[in-house]
Structure formats: C-alpha cells, structure tokens
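Just so you know, the protein sequences line up as chains Y and E, in that order. Using the working numbering, count along the first sequence one by one with no gaps and you end on 303. Using the working numbering, count along the second sequence one by one with no gaps and you end on 303. Glycine included, each C-beta is placed from N, C-alpha and C at the ideal position. Quick caveat: nothing in here was measured; it's all calculated off a predicted structure. Working notes for the structure below.
Protein chains: 2
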Amino acid sequence: MPTKQFNHFLLQIPLFSGLSPETLKIFTDAIKTRKCTRGEALFLHEEDASFFYIITRGWVKLFRETLDGDEAIVDILTTRHMFGETAIFEDGTYPYSAETVSDAEILILPTSTLEMAAQTDNKVALNLLKTMSFYRKQQSSEIEHLTVQNAPQRIGCFLLRLCDPEAQGSITLHLPYDKMLIASRLGMKKETFSRALSRLKTDAGIKVHGGTITINDMQVMADYCCSACSSSFPCADLKSTSP
Amino acid sequence: MPTKQFNHFLLQIPLFSGLSPETLKIFTDAIKTRKCTRGEALFLHEEDASFFYIITRGWVKLFRETLDGDEAIVDILTTRHMFGETAIFEDGTYPYSAETVSDAEILILPTSTLEMAAQTDNKVALNLLKTMSFYRKQQSSEIEHLTVQNAPQRIGCFLLRLCDPEAQGSITLHLPYDKMLIASRLGMKKETFSRALSRLKTDAGIKVHGGTITINDMQVMADYCCSACSSSFPCADLKSTSP
DNA sequence: CGAGGGTTTGAAGTGCATCAAATAGTGTGG
DNA sequence: CCACACTATTTGATGCACTTCAAACCCTCG
C-alpha cells in the first residue's frame with residue numbers, strides 16, 4: 061500500500077509533515093482504506109471513538125441531530141481533511157456524526173495510535189496543535205459570519221473561499237455539493253439559499269447555471285460580502301479546501 | 061511572587077498541570093502581573109503577539125471590529141482562562157482585540173516562552189492540546205446554538221451554564237457583567253435581550269431583579285432551552301467559568 | 001416515459017433589528 | 001445628601017430578513 065504516490069499524499073497532510081520515518085511508519089502500518097458510496101454513515105455522535113479519519117477523495121459531512129429532529133451541520137470536509145481525532149481529548153466519544161455526501165475514499169486510523177504517537181513524539185503533538193489551531197480559527201470566523209453577515213453575504217463568502225485567492229477579475233466554479241447541503245452548512249433554509257443566490261446575480265454580478273457559477277468580478281463580490289466582516293478577501297487561510 | 065497560594069493557583073490551570081518543576085519554573089520566572097481597571101485595552105487585533113495572558117481575577121472580552129464599525133464578540137473570559145496564545149500558530153499576530161470589562165488582575169507571559177516550552181517539553185504541548193480542544197468544543201457548540209436556538213433559548217442556555225450543574229430545583233444567580241455585553245456575546249441586540257429575558261419570566265419561570273436572576277426550576281428551564289439543541293442540560297464541560 | 005429528489009417560486013407569518021423615546025441606575029461635584 | 005450628567009435598560013412602533021407552508025418546476029436515471 062505505501063506506494064510513492066501514497067506517501068506523497070500523506071506528506072501533504074499537516075499531521076504527517078516533518079515526522080521521522082519511524083513515527084511515519086507507525087501510522088502507515090496502521091492505515092486502512094475504505095471506499096464509500098454517497099450517503100454512507102461512518103460513525104454516530106457519542107459512539108465510542110476507536111478510529112479517526114482522513115479523506116483522500118470526496119466529501120464528508122459532520123453533523124449532530126437536535127432533540128426535536130433537526131440536523132445541525134458541523135462541517136463539510138474534503139481531500140486531506142481529518143476528522144474524529146478530537147475524541148482523544150474528550151470523553152472518548154465522537155462529538156458529531158459523520159456521513160459521506162459523495163462517493164469517497166477514506167483512510168482509517170486507530171485513535172490509540174495517534175494518542176500514543178502524540179505522547180511519545182513531540183512533533184506529532186505539535187502537528188496536531190497546528191491542525192487544531194487551523195480549525196479553531198476557521199470556527200471562530202464562522203461564528204463571526206453567522207452574526208454579522210446576511211444570507212447573500214454568507215453565500216458570496218462561501219463562493220469566494222472556493223476560488224483561487226490569486227485569481228483576478230472573472231472566474232467560473234461549480235458547487236462542490238448539493239445546494240440544499242450548502243444551505244444548511246451556512247445555517248439557512250434551502251428556500252432562503254435559492255433566493256439569496258438569486259439576489260447575488262443582481263447585487264454582486266454573478267451568473268448561475270445549475271451548479272455552475274460565474275463571478276464576473278471578484279473584487280465586486282469581495283466588496284459586497286466582506287463589508288460586514290472583520291477580515292476582507294482573501295480571508296487568509298480560511299479556504300474550505302485547505303488542510 | 062511565587063508564594064504557595066500563587067503556585068496553587070497556577071496548578072489549577074490546565075496548561076500548567078502536571079508539569080515538571082523545571083518547566084514550571086521557566087514559566088513562573090517569566091510571569092509578570094498587571095492590575096487593570098475596567099475598560100483597559102490589553103492588545104489589538106493584528107498587533108504583533110509577544111505575550112499571552114491568564115486571568116487571575118475579573119473579566120476580559122475578546123472581540124473584532126468589522127469594516128463598517130460593528131463589534132463582534134469572540135469570547136468573554138474570567139479567572140483561569142488563557143488568551144492570546146493562539147498567535148503562536150498563526151502569523152504571529154493576535155486574531156482579536158482584548159479589553160477588560162471589569163477591574164481585573166492578569167498574568168502576562170511571553171509567547172516565546174510558551175513556544176519554546178511546547179517544543180522542548182511534550183507535556184506542555186499535550187496540555188496546550190487539551191486546552192485548545194476544550195475551546196474548540198465550546199466554539200462548536202456555540203455555532204450550533206447560533207443556528208438552532210432562538211434568543212430566549214440562547215439566554216436561558218447562557219444562564220444554565222452559570223449554574224452549578226449539580227443544583228436541583230430553584231437557584232439564584234447574578235449576571236457576571238452588563239446585560240448589553242451579554243447580548244452581544246450571544247449575538248443579539250440589547251433590546252432583543254431585554255425582551256427575550258422578559259419572555260423567559262413567563263415561558264421558563266424565572267424572576268429578574270436587576271442583575272439578579274432566580275430560576276424557579278432548573279428542569280423547566282433546561283426543557284425550554286435544550287429542546288432545539290443536540291445536547292441537553294447539563295451540557296457537559298461547557299460551563300463558561302471552566303478552565 | 002415516469003418517479004423521485006433536488007430546486008425554485010409564491011404567499012403569509014415570525015423573529016429580530018431598528019429607530020425613537022422613556023425610565024432606571026450610577027457616579028460626580030456641589 | 002441632593003441635583004445633574006451620563007450610561008444602562010426597558011418599552012413601543014415599525015420594517016426587513018428569514019422561515020414556513022404549499023405548489024410548481026426541473027433534472028436525472030431507471
């Protein structure tokens with residue numbers, strides 16, 4: 061399994077970057093791969109957490125269910141993202157449920173391996189800190205967005221974070237998953253999403269054809285979305301597809 | 061300065077728990093204490109982060125300002141809480157501004173000391189991980205609250221987290237800081253806060269006299285607030301006054 | 001082609017924000 | 001100890017954003 065390509069992939073993941081060959085081997089020896097179709101449950105909220113996961117391909121949603129049956133999206137992740145690892149620092153159960161939202165390929169590792177490695181190899185602990193710090197920053201900016209941005213601005217901000225931050229002027233992208241799912245990811249109803257996206261057509265100059273979206277002018281869009289926010293585009297390090 | 065009492069205080073802080081005397085000394089040697097009056101700025105968003113802080117007494121608010129001049133509260137912290145330390149994993153600048161909201165006493169430590177210690181003493185890194193994990197969980201539940209709870213429920217939830225989770229039946233508490241500040245902490249306007257608190261009188265059975273609040277029946281309050289949430293009272297580990 | 005999920009649109013309702021003004025509370029100097 | 005200034009809090013009236021409920025539309029895939 062540890063082909064050259066595979067190792068190259070692993071080294072792109074912050075958790076594994078800069079590790080000694082010995083430590084890296086401990087992880088690679090423990091890795092199992094799983095191919096999933098869309099809609100497979102990986103684990104449930106409050107289940108005992110024996111494994112953590114890394115996505116090699118596809119999208120996974122993390123979510124919780126409220127007592128009255130609604131679903132609250134925690135995050136939606138893709139390639140190179142890791143999840144389920146925080147159970148180590150909790151009571152040993154997952155703080156959310158996880159389910160694929162597209163076909164996907166996923167690496168599975170025992171949490172015990174990670175826990176052990178973090179305790180014996182300082183570099184592992186430092187890498188974990190870096191990863192957790194990234195997610196924390198992302199969460200913190202999400203809290204801000206929820207309180208200061210309205211629906212069209214949140215969508216625009218979401219679209220901008222799908223773009224290459226180097227890009228200038230016009231850019232075309234396609235939505236990574238269902239509009240319905242994006243809606244709940246952004247804390248709004250699907251109808252609100254649909255209407256808010258329409259409003260972006262006139263207010264921020266975008267074109268929509270199904271899941272394909274063209275932003276006529278990144279700068280116009282950025283001005284429209286970030287005016288209510290404490291950090292302006294390109295919101296450094298907050299790309300949804302980063303580590 | 062390192063009196064017995066002071067050392068006892070330090071050991072209550074998760075970052076310092078279980079450290080070797082040598083490592084602990086590195087920190088205690090570098091600590092400076094500062095007494096603040098209400099309303100003092102400690103540092104500003106995006107300033108170079110040379111120090112991190114631990115509160116020994118009083119309350120501190122972390123916040124960011126949006127481009128159009130609004131203030132978004134990141135968190136409001138008290139005794140034993142630590143802040144400013146995440147700059148280590150960022151670009152070396154603070155991700156928020158900090159200001160006291162009551163008279164306060166604060167410990168100041170160089171971030172370089174922490175950074176060095178985390179790299180040389182694995183226990184420091186592990187303690188940091190534990191702390192960061194706690195904050196991450198708290199943030200994550202806050203995101204959920206913002207999307208699934210309405211204003212009265214968010215206030216009720218806030219009040220419950222001020223209570224002793226062991227308590228049963230009736231309990232009296234007083235608000236730790238301004239209602240205005242609680243309002244923005246919970247992502248609502250002061251008028252909304254005032255009205256929502258009134259509604260809790262009839263809907264969840266509380267009494268309000270200025271900043272003193274009596275919850276007639278914890279269980280009634282919990283039922284009222286947590287119905288929309290994925291975790292019910294006592295939301296383990298989410299007390300606002302914990303580590 | 002037809003079924004089913006995803007998406008859009010319309011009409012109506014709710015919750016929170018906004019603007020404005022009154023009231024309560026707090027600290028200050030006389 | 002009181003009057004004043006200033007801030008915090010409450011209350012009222014109104015508007016907007018988002019939700020809800022309902023129905024139509026669209027697209028894909030068997």
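Contact set between residue i and chain E, taken where Cβ atoms lie within less than 8 Å
{"i": "Y/Pro307", "result": "The structure shown has nothing for residue 307 of chain Y, since chain Y only spans 61 to 303."}
{"i": "Y/Leu127", "result": "Cys286, Ser287, Ala288, Cys289, Ser290, Ser292"}
{"i": "Y/Gly270", "result": "The contacting residues do not exist; Y/Gly270 stays about 27 Å from chain E at best."}
{"i": "Y/Leu206", "result": "Ile203, Leu206, Thr207, Gly247"}
Between the CA atoms of residue j and residue i - distance to the nearest angstrom
{"i": "E/Ile273", "j": "E/Arg245", "result": "18 Å"}
{"i": "Y/Asp101", "j": "Y/Glu131", "result": "The residue you asked about is not Asp; residue 101 of chain Y is Ala in the sequence shown. So the alpha carbons of these two residues sit roughly 14 Å apart."}
{"i": "Y/Phe218", "j": "E/Glu125", "result": "20 Å"}
{"i": "E/Ile168", "j": "E/Ala90", "result": "8 Å"}
{"i": "E/Ala164", "j": "Y/Gly152", "result": "36 Å"}
{"i": "Y/Tyr154", "j": "Y/His68", "result": "29 Å"}
{"i": "Y/Asn276", "j": "Y/Asp283", "result": "13 Å"}
{"i": "Y/Ala288", "j": "Y/Arg94", "result": "42 Å"}
{"i": "E/Pro236", "j": "E/Val268", "result": "14 Å"}
{"i": "Y/Ser201", "j": "E/Thr88", "result": "33 Å"}
{"i": "E/Tyr270", "j": "E/Phe66", "result": "A small correction: the amino acid at residue 270 of chain E is Gly; Tyr does not occupy that position in the sequence shown. So the alpha carbons of these two residues sit roughly 35 Å apart."}
{"i": "Y/Thr207", "j": "E/Asp238", "result": "20 Å"}
{"i": "E/Phe76", "j": "Y/Phe293", "result": "38 Å"}
{"i": "E/Leu127", "j": "E/Thr262", "result": "39 Å"}
{"i": "E/Gln228", "j": "E/Gly216", "result": "16 Å"}
{"i": "E/Ile231", "j": "E/Ile266", "result": "10 Å"}
{"i": "E/His234", "j": "E/Met278", "result": "15 Å"}
{"i": "Y/Lys250", "j": "Y/Lys92", "result": "36 Å"}
{"i": "Y/Glu107", "j": "Y/Gly99", "result": "18 Å"}
{"i": "Y/Glu226", "j": "Y/Leu220", "result": "11 Å"}
{"i": "E/Phe103", "j": "E/Phe253", "result": "28 Å"}
{"i": "E/Asp181", "j": "Y/Asp181", "result": "11 Å"}
{"i": "E/Ala243", "j": "E/Ser162", "result": "17 Å"}
{"i": "E/Arg255", "j": "Y/His205", "result": "24 Å"}
In DSSP terms, what residue i is bridged to
{"i": "Y/Asp108", "result": "Y/Thr153"}
{"i": "Y/Met142", "result": "Y/Ile114"}
{"i": "E/Val268", "result": "E/Ile273"}
{"i": "E/Pro170", "result": "E/Phe111"}
{"i": "E/Leu233", "result": "E/Ile273"}
{"i": "Y/Ile203", "result": "Answer is none; Y/Ile203 lacks a bridge partner."}
{"i": "Y/Leu336", "result": "Residue 336 of chain Y cannot be examined here, being either before or after the span of chain Y that is shown, 61 to 303."}
{"i": "E/Glu159", "result": "E/Ala101, E/Lys121"}
{"i": "E/Ala132", "result": "E/Arg124"}
{"i": "Y/Lys92", "result": "Y/Ile168"}
Residue i and residue j closer than 9 Å at C-beta
{"i": "E/Leu122", "j": "E/Ser172", "result": "no"}
{"i": "E/Ala264", "j": "E/Met248", "result": "no"}
{"i": "E/Cys285", "j": "E/Arg214", "result": "yes"}
{"i": "Y/Pro81", "j": "Y/Phe194", "result": "no"}
{"i": "E/Thr139", "j": "E/Cys96", "result": "no"}
{"i": "E/Val134", "j": "Y/Ile203", "result": "yes"}
{"i": "E/Leu174", "j": "E/Leu189", "result": "no"}
{"i": "E/Ile114", "j": "E/Met176", "result": "no"}
{"i": "Y/Thr63", "j": "Y/Lys183", "result": "no"}
{"i": "E/Gln179", "j": "Y/Arg196", "result": "no"}
{"i": "E/Ala109", "j": "E/Gly144", "result": "yes"}
{"i": "E/Leu186", "j": "Y/Ala185", "result": "yes"}
Proximity to residue i [Cα-Cα], best of the options
{"i": "Y/Ser166", "options": "Y/Thr153, Y/Gly118, Y/Glu145, Y/Leu127", "result": "In the sequence on display, residue 166 of chain Y carries Ile and not Ser. Among Y/Thr153, Y/Gly118, Y/Glu145, Y/Leu127, the Cα nearest to that of Y/Ile166 belongs to Y/Gly118."}
{"i": "Y/Leu71", "options": "Y/Thr116, Y/Ser254, Y/Ile148, Y/Arg98", "result": "Y/Thr116"}
{"i": "Y/Ser290", "options": "Y/Pro81, Y/Met176, Y/Gly144, Y/Gln209", "result": "Y/Gln209"}
{"i": "E/Leu147", "options": "E/Phe112, E/Gln179, E/Thr232, E/Ile136", "result": "According to the sequence shown, residue 147 of chain E is Ala rather than Leu. With distances taken between Cα atoms, E/Ala147 lies closest to E/Phe112."}
{"i": "E/Arg259", "options": "E/Pro212, E/His234, E/Phe149, E/Ser110", "result": "E/Pro212"}
{"i": "E/Met142", "options": "E/Arg98, E/Thr191, E/Phe103", "result": "E/Thr191"}
{"i": "E/His105", "options": "E/Glu150, E/Gln279, E/Lys92", "result": "E/Glu150"}
{"i": "Y/Ile136", "options": "Y/Ser254, Y/Leu241, Y/Glu226", "result": "Y/Leu241"}
Amino acids of chain E, ordered along the chain, whose beta-carbon sits closer than 7 Å to that of residue i
{"i": "Y/Leu188", "result": "Leu189"}
{"i": "Y/Phe149", "result": "Leu189, Lys190, Ser193"}
Per-residue contacts from residue i into chain E (C-beta, under 9 Å)
{"i": "Y/Ala178", "result": "Asn182, Ala185, Leu186, Leu189"}
{"i": "Y/Ala132", "result": "Ile203, Glu204, Thr207, Val208, Cys289, Ser290"}
8 Å Cβ cut-off: residues of chain Y touching residue i
{"i": "E/Met142", "result": "Within 8 Å Cβ-Cβ: nothing; E/Met142 doesn't reach chain Y, min ~13 Å."}
{"i": "E/Thr146", "result": "Ser193, Arg196, Lys197"}
Under 7 Å by beta carbon: chain Y residues contacting residue i
{"i": "E/Arg124", "result": "Glu204, Ser290"}
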